[in-house]
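This report refers to the structure that appears directly beneath it.
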Amino acid sequence: MLLDAVTQVELFVNVFVTVYALAILVYILTTWVRVPWSLRPVERFFYDVCDPYLRLWRRVIPSFGPIDLSPMIGIVALFAVDRIVIAVLERLH
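For the sequence shown, position 13 (counting from the first letter as 1) is numbered 14 according to this note's numbering, and the numbering increases by one without interruption.
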């Protein structure tokens, strides 16, 4: 039973990190491209979901003019945390 629970938590963490990283990529694309008026709620959704997390990285990373490195650092950090959590959960097996 414990093995199944650990496997399910690993799967959840992996899927969550992947979906959130994809959401950040969509957020980046919506900031580069003007979306039609009918898609503004979708753009606002991705802003509301991704911007608080990326603001954490913007406070830490120095500004490079118009280049924003926070999405790249944020995605790398997400996958690093994913690997750490899965490594800790693997010890429970």
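The C-beta atom is built at its ideal place from N, Cα and C for all residues, glycine as well.
- Residue range 71 to 91 is occupied by the alpha helix (DSSP H) that includes S71.
- Taken through DSSP and simplified to helix, strand or coil, I62 comes out as coil.
- By the C-beta density criterion, I76 is buried, having at least 16 other C-beta atoms within 10 angstroms.
- Three or more Cβ pairs drawn from the region 79 to 88 and the region 18 to 27 lie within less than 8 Å of each other, which places the two stretches in contact.
- Only residues of its own chain outside the window of five on either side were considered, and among them S71, I74, G75 have a CB closer than 6 Å to the CB of W58, listed in chain order.
- Around the beta-carbon of I25, 16 or more other beta-carbon atoms lie within 10 Å, marking it buried.
- Burial check for T31: the Cβ neighbour count within 10 Å reaches 16 or more, so the residue is buried.
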